[in-house]
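According to the working numbering, the stretch in the sequence shown is residues 351 to 537, in order.
Cβ coordinates follow ideal geometry from the N, Cα and C atoms, glycine included.
Source: prediction; values computed, not measured.
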Amino acid sequence: MTDNPSKPQPDAPAAQYQSTEDLAASQGPQDFDPLVQAQAELATLQAKSADLADQYLRAKADAENARRRAEEEISKARKFAVEAFADSLLPVADSLEAGLIIQDATADQIREGAQATLRQLLAALERNKVLPINPTPGSKFDPHQHQAISVVPSEFDANTIVSVLQKGYSIADRILRPALVTVAAPK
Numbered sequence: 351m352t353d354n355p356s357k358p359q360p361d362a363p364a365a366q367y368q369s370t371e372d373l374a375a376s377q378g379p380q381d382f383d384p385l386v387q388a389q390a391e392l393a394t395l396q397a398k399s400a401d402l403a404d405q406y407l408r409a410k411a412d413a414e415n416a417r418r419r420a421e422e423e424i425s426k427a428r429k430f431a432v433e434a435f436a437d438s439l440l441p442v443a444d445s446l447e448a449g450l451i452i453q454d455a456t457a458d459q460i461r462e463g464a465q466a467t468l469r470q471l472l473a474a475l476e477r478n479k480v481l482p483i484n485p486t487p488g489s490k491f492d493p494h495q496h497q498a499i500s501v502v503p504s505e506f507d508a509n510t511i512v513s514v515l516q517k518g519y520s521i522a523d524r525i526l527r528p529a530l531v532t533v534a535a536p537k
């Protein structure tokens, strides 16, 4: 073998080759050594393996961080979910306390104050999507929104509401409490 500086020596480190094609191209057919080829392939595969392991660890860490942030946000949402609702009820509590301070209020003043406080409460409930379920007499009985307390003979058709004993409430299309109603009996 002659010393040709442009040609790598067979015992040169395999890491200098990028692929087996580079190795084969840099050597003539008579200089191609399977051991050098295997070492070059091993070095390439080890580099790819290290790169993939690094990518995997980064992706795993990113997924763990996203999961942790989502859990923190859910925890905060649960913890402070009633904050806006409670804030809207504070004026109602203030009105009730102010009404109790008055020692010599007349019955009309107490009634007027109670009505104003009730309006405040209903407005606060409505702002927070708590809506009343108050069916009118003669409307169809809906077991998803109404709870029948009794069945009474009536001039209304069967399975229609005769009277409302207690309003129900829903929150964001979910029944909080069904309306308590009496229902017309079949004729």
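Rounded to the nearest angstrom, the Cβ distance from P485 to V531 is 7 Å, consistent with a contact under 8 Å. In the DSSP assignment, A427 falls within the alpha helix (DSSP H) that extends over 384-430.
Residue pairing of S520 in beta bridges, as defined by DSSP: L481, I525. Assigned with DSSP and collapsed to three states, T467 falls in helix. Burial state of V512 is buried, judged by a 10 Å Cβ sphere holding 16 or more other Cβ atoms. The beta carbons of S520 and I483 sit closer together than 8 Å. Here A529 is buried. Its C-beta has 16 or more other C-beta atoms within 10 Å.
Per the coordinates, the alpha-carbon of A522 lies some 53 Å from the alpha-carbon of K398.
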